[in-house]
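Written out below as structure tokens is the structure these notes cover.
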Amino acid sequence: MPEMPALRPGKVRSWAAAGLAVAALLSLFVVGYADAHKEVTLVVDGESRVVDTLKDSVAGLLEQEKVKLGEGDLTLPALETELKRGMTITVRRAVPITVCAGGSSRAARTAQETVGEALAALGIALGPLDKVTPGRQAPVQAGQTITVVKVEEKLQPRYVAVPYSVQRREDDNLPRGQTRVLQAGQSGLLERQVRAIFEDGQLKWEEVVAERLLRPPVTEVVAVGTLGTISRGGRDYRYIRALDLVATAYCPSDRGGNFTALGLPARRGIVAVDPRVIPLGTQLYVEGYGPALAGDTGSAIKGQRIDLFMDSHREAVNFGRRRVKVYVLKQE
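In terms of the working numbering, the sequence shown opens at residue -6 and continues consecutively.
In structure tokens:
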């Protein structure tokens, strides 16, 4: 067997160094490959599978697996997310929906799970009072119509005039039918705090939550003339009221005395009244009898009654009982 040529010591060292270099390179390659290699879970259209990849991002993985994204499709996590071992990547397919908001509707596609998330993704901000049909937490379904009604609450001040009342005072110095304002009335002012609810800009309902009287009303005081005038026998009589009374007649012998309740001698022109209706001492004019003075009373003269003094018994009998108009004259 031929002898192998002996290797010189320098040659041996050269080959050994080369072998070590190759081993180091192989080690770096193996370590780098191991670091770059990832095992992840990919979920598409509800189907899950484990995928080996050297890609660095979610976008790279989808390109590797030839997963195409349509309008509105969503990845979790996002496309630019760095891949890590054991990660789960989910592709949600968008479904068509119709959104009605602000008086208009538009078609859209969304991959969000709930109605509230879909609206947020479409840039529709919801206030706490806004009405959403179906509810915000309802799941999104293909072909679904989502309706949004913007609800706004406002607390508004309202100023309301408070009407004044009118007080009427009889004035026997003022001719009947005439009036005179003694104190002018003035409306008051009421502040109301009104809670108003608007839906899509239209007032839906409102309620008063507080009231405050800023200025009380001033009562108007009006003098009402009660002074009337009648002409009898060529003379004018001014009266302040007219009464319709039941009249009877009496003569001196009927009362058993010649003096009245006022201590006046009984005579024609003195009449008996109920002082609760006509005060004693009041000047009167009795139709069919003439001027008179309320100067006497009688046990039978109660309420709307009057008893007229006559000069004779015959005259009293002839007068009988009848209804008469009695004018209460203004005291001069």
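In this text, a Cβ means the ideal position worked out from N, Cα and C, and glycines have one as well. The structure presented is a predicted model; accordingly, all values stated were derived computationally and were not measured.
In this structure V239 is not in contact with I271, their Cβ atoms being roughly 13 Å apart against a cut-off of 8 Å.
By the 16-neighbour rule on beta-carbons within 10 angstroms, F302 is buried. Minimum Cα-Cα distance from A87 among the listed residues D38, T126, K77, I233 corresponds to D38. Nearest neighbour of V108 by Cα position, chosen from T138, R99, G120, L122, turns out to be T138. Looking at the backbone, the Cα of V133 and that of V92 are separated by about 12 Å. Under the Cβ criterion (8 Å, minimum of three pairs), the segment 178 to 198 does not count as touching the segment 227 to 236.
A Cβ-Cβ separation of about 6 Å places A135 in contact with P89 under the 8 Å criterion. Between L72 and T83 the beta-carbon gap is near 12 Å, outside 8 Å, which marks them as no contact. If you check the CB distance, L255 and G283 do not come in under 8 Å. Exposure of R316 is indicated by the presence of fewer than 16 other C-beta atoms within 10 angstroms of its C-beta. Residue pairing by DSSP puts K124 in a beta bridge opposite V142.
According to the DSSP assignment, F302 belongs to the beta strand (DSSP E) that extends over 298 to 302.
Minimum Cα-Cα distance from R173 among the listed residues E145, Y243, G218 corresponds to G218. Within the same chain, and ignoring the five residues on either side of V43 in sequence, the residues whose Cβ sits closer than 7 Å to its Cβ are E32, T34. By the CB criterion at 8 Å, K147 and A203 fall outside the cutoff. Per DSSP, the unbroken alpha helix (DSSP H) holding F312 starts and ends at 306 to 312.
For G262, same chain residues with a beta-carbon under 8 Å away, outside a window of 5 residues either side, are G283, P284, A285, L286, F302 in chain order.
Bounds of any beta strand (DSSP E) do not take in E325, whose DSSP letter is neither H nor E.
In this structure, DSSP gives V266 an extended state, which the three-state scheme calls strand.
Counting of Cβ neighbours within 10 angstroms places R85 among the buried residues, the total reaching 16 or more.
For L238, the enclosing beta strand (DSSP E) stretches over residues 228 to 243. In the three-state scheme derived from DSSP, where H, G and I count as helix and E and B as strand, L273 is classed as coil.
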